[in-house]
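Protein chains in written order, with our numbering: chain A, 10 to 182; chain B, 280 to 443.
Below, the structure written as structure tokens:
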């Protein structure tokens, strides 16, 4: 049996230069494919720390009317997530409320009147983002941009139609 | 049959040569085609121009997230233009009463309107400015642009040729 296998091996044709060329091409393709996947994986790593300010305007005071109520519902260090709770978008660093004011016509004049039943809730969030040219700043693949709006789950509070007021970069990672 | 010639080197047939030639031809053809497509994209001579654009009511803190020199992109990631200047206008509430319009603004109001001058390359054809010679733009048109830290809903106010 062994002698038969050795004989078969001797009679097998030797590889030609085309075989070697194809081998080089396939090895090259696998190598460059690996390099490409590695660069894509690296590109998805967070590379900058950011802080952004969320505002939820006109929150009914039934939910929270004072700073202490807001802090109890949205504790510092709490996680900020997308509405369905899957992706994390950072952690709460500051929470405060301001009186909600809207323009109102009164006696033929327009005034900026405070509404005692509503407050504006501000939440500062810190997180690690991926900064890519032409793609802005993303945390968990969600773009964080001033002027944007979205629904966020913040601690025990659902911040619907929250506005991203400002975004700043805090340092490269 | 031996796959080696008299000198002991592995031998290939004319068919192998033909296959290699086809392969190289494919690569060269792809490169040439790519160059041709890039050349066609540049239709005609382009010149610099500016579009003056305005946002709706914006928080003044949001306006701080854009500055001169930043690039603006479309949602696809394609470059739209470069911010040449940024200025803030006070936001005014308007209401109509007693047969006339009344305008009001308040110091405590954080809202403002942002006016941006964006530098672009394009061509003017029949009075219509075309960005990169392909995409027509018009006064009143609204567009959403992205910078590194912000998203901007802008309305085009006017177009100005560079140097005018």
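Glycine included, C-beta positions come from ideal geometry on N, C-alpha and C.
Worksheet item: Apart from the five residues on each side of it in sequence, which residues of its chain come closer than 6 Å, Cβ to Cβ, to residue 174 of chain A?
Response: Counted from its first residue, the first chain places residue 174 of chain A at position 165. Excluding residues within five positions, the ones whose Cβ falls inside 6 Å are 62, 64.
Worksheet entry | Coil, strand or helix - residue 376 of chain B by DSSP | Indexing the second chain from 1 puts residue 376 of chain B at position 97. Reduced to three states, the DSSP call for residue 376 of chain B is strand.
Item to complete: Determine, using beta carbons only, whether residue 341 of chain B comes closer than 8 Å to chain A.
Response: Along the second chain, read from residue 1 onward, the residue named residue 341 of chain B stands at position 62. At least one chain A Cβ lies under 8 Å of residue 341 of chain B.
Discussion item. Measuring straight from C-alpha to C-alpha, what distance separates residue 29 of chain A and residue 38 of chain A?
Written reply: Taking the first residue of the first chain as position 1, residue 29 of chain A is located at position 20. Taking the first residue of the first chain as position 1, residue 38 of chain A is located at position 29. Approximately 14 Å, taken between the alpha carbons.
Item to complete: Please compile the residues from chain B whose C-beta is within a distance smaller than 7 Å of the C-beta of residue 174 of chain A.
Response: The count along the first chain starts at 1 and reaches residue 174 of chain A at position 165. Those within 7 Å of residue 174 of chain A in chain B are 338, 340, 341.
Fill in: Boundaries (first-last residue) of the beta strand (DSSP E) holding residue 334 of chain B
Position 55 of the second chain, counting from 1, holds the residue named residue 334 of chain B. Here the beta strand (DSSP E) through residue 334 of chain B covers 326-334.
Worksheet entry | Cβ-based neighbour list, residue 155 of chain A, same chain, cut-off 6 Å, excluding 5 preceding and 5 following | The residue labelled residue 155 of chain A in the question sits at position 146 within the first chain. Same-chain partners within the cutoff: 173, 175, 176.
Fill in: As assigned by DSSP and simplified to three states, the class of residue 111 of chain A
If you number the first chain from 1, residue 111 of chain A lands on position 102. Note: residue 111 of chain A maps to strand in three-state DSSP.
Practice prompt. Could you check which residue in B:293, B:346, B:302, B:312 has the C-alpha nearest to that of residue 428 of chain B?
Written response: Here residue 428 of chain B corresponds to residue number 149 of the second chain, with the count starting at 1. Closest by alpha carbon: B:346.
Discussion item. Contact criterion: CB-CB distance below 8 Å. Does residue 160 of chain A meet it with respect to chain B?
Written reply: On the first chain, residue 160 of chain A is found 151 positions in, with the first residue counted as 1. False, the Cβ-Cβ gap to chain B never drops below 8 Å.
Item to complete: In angstroms with no decimal places, state the Cα-to-Cα distance between residue 3 of chain A and residue 40 of chain A.
Response: Chain A is shown from 10 up to 182; residue 3 of chain A falls before or after that span and cannot be answered.
Fill in: Rounded distance between the beta-carbons of residue 138 of chain A and residue 59 of chain A, thought under 8 Å
Taking the first chain and counting its residues from 1, one reaches residue 59 of chain A at position 50. Taking the first chain and counting its residues from 1, one reaches residue 138 of chain A at position 129. Yes, they are in contact, since the Cβ atoms of residue 59 of chain A and residue 138 of chain A sit about 5 Å apart, within 8 Å.
Item to complete: Identify each residue in the stretch 421-443 of chain B for which the Cβ-Cβ distance to at least one residue of chain A is less than 9 Å, and report them in chain order.
Response: 425, 426, 427, 428, 429, 430, 431, 432
Discussion item. For a cutoff of 8 Å on Cβ pairs, would you count residue 155 of chain A as touching chain B?
Written reply: Sequence index remark: in the first chain, residue 155 of chain A carries index 146 (1-based). Taking Cβ atoms only, chain B reaches closer than 8 Å to residue 155 of chain A, which makes this a yes.
Worksheet item: Counting along the chain, where does the beta strand (DSSP E) carrying residue 127 of chain A start and finish?
Response: Here residue 127 of chain A is taken as the residue at index 118 of the first chain, counted from 1. Segment 118-141, the beta strand (DSSP E) holding residue 127 of chain A.
Item to complete: List the residues of chain B whose Cβ lies closer than 9 Å to the Cβ of residue 193 of chain A, in chain order.
Response: This structure gives no information on residue 193 of chain A, because the portion of chain A shown stretches from 10 to 182.
Item to complete: Look at the Cβ atom of residue 363 of chain B, then the Cβ atom of residue 329 of chain B, and state whether they are nearer than 8 Å.
Response: On the second chain, position 84 is the one that residue 363 of chain B refers to. On the second chain, position 50 is the one that residue 329 of chain B refers to. Yes. Within cutoff.
Worksheet item: chain A partners of residue 344 of chain B, CB-CB under 7 Å?
Response: As a first step, residue 344 of chain B must be located in the second chain, where it is residue number 65. Those within 7 Å of residue 344 of chain B in chain A are 155, 175, 176.
Discussion item. Suppose contacts are defined by Cβ-Cβ distances below 8 Å. Is residue 334 of chain B in contact with residue 410 of chain B by that definition?
Written reply: Along the second chain, read from residue 1 onward, the residue named residue 334 of chain B stands at position 55. Along the second chain, read from residue 1 onward, the residue named residue 410 of chain B stands at position 131. Going by C-beta atoms, residue 334 of chain B is not nearer than 8 Å to residue 410 of chain B.
Worksheet item: Distance, Cα to Cα, residue 350 of chain B vs residue 298 of chain B?
Response: As a position in the second chain, residue 350 of chain B is number 71, starting the count at 1. As a position in the second chain, residue 298 of chain B is number 19, starting the count at 1. For residue 350 of chain B and residue 298 of chain B, the distance between alpha carbons rounds to 47 Å.
Worksheet item: Looking only at its own chain, which residues have a Cβ that is under 6 Å from the Cβ of residue 336 of chain B, when we skip the five neighbours before and after it?
Response: Here residue 336 of chain B refers to the residue found at position 57 of the second chain. Hits under 6 Å: 370, 390.
Item to complete: Sort A:120, A:72, A:97, A:69 by Cα distance to residue 386 of chain B and report the nearest one.
Response: Along the second chain, one-based indexing puts residue 386 of chain B at 107. Per the Cα distances, A:120.
Worksheet item: If you scan the stretch 349-393 of chain B from start to end, which runs of the alpha helix (DSSP H) of 4 or more residues do you find wholly inside it?
Response: none
Fill in: Any 3 or more C-beta pairs closer than 8 Å across the stretch 133-150 of chain A and the stretch 109-125 of chain A
no
Discussion item. What would DSSP say about residue 424 of chain B, mapped onto helix, strand or coil?
Written reply: Against the second chain, residue 424 of chain B aligns to sequence position 145. Residue 424 of chain B falls in the strand class under three-state DSSP.
Worksheet entry | CB of residue 367 of chain B within 8 Å of CB of residue 332 of chain B, strictly | Locating residue 367 of chain B in the second chain gives position 88, where the first residue counts as 1. Locating residue 332 of chain B in the second chain gives position 53, where the first residue counts as 1. For residue 367 of chain B and residue 332 of chain B, no; Cβs fall outside 8 Å.
Fill in: DSSP three-state assignment for residue 295 of chain B, whether helix, strand or coil
Here residue 295 of chain B refers to the residue found at position 16 of the second chain. The answer is helix: DSSP assigns residue 295 of chain B an H, G or I state.
Worksheet item: Do residue 106 of chain A and residue 130 of chain A come within 8 Å of each other at the CB atom, strictly closer than that value?
Response: Indexing the first chain from 1 puts residue 130 of chain A at position 121. Indexing the first chain from 1 puts residue 106 of chain A at position 97. Yes, they are a contact pair.
Worksheet item: By how many angstroms is the C-alpha of residue 44 of chain A removed from the C-alpha of residue 57 of chain A?
Response: Here residue 57 of chain A refers to the residue found at position 48 when the first chain is read from its first residue. Here residue 44 of chain A refers to the residue found at position 35 when the first chain is read from its first residue. If I take the Cα positions, the gap works out to 23 Å.
Worksheet item: Is it the case that the CB of residue 414 of chain B approaches a heavy atom of the ligand GTP more closely than 7 Å?
Response: Summarising the ligand content, the structure contains no ligands, and the ligand GTP is consequently not present.
Discussion item. Suppose you measure from the CA of residue 80 of chain A to the CA of residue 162 of chain A; what does that come to, to the nearest Å?
Written reply: Numbered from its first residue, the first chain carries residue 80 of chain A at position 71. Numbered from its first residue, the first chain carries residue 162 of chain A at position 153. Going from the Cα of residue 80 of chain A to the Cα of residue 162 of chain A covers about 15 Å.
Worksheet item: Does the beta carbon of residue 136 of chain A come closer than 8 Å to any beta carbon on chain B?
Response: Taking the first chain and counting its residues from 1, one reaches residue 136 of chain A at position 127. Chain B contact via Cβ: absent.
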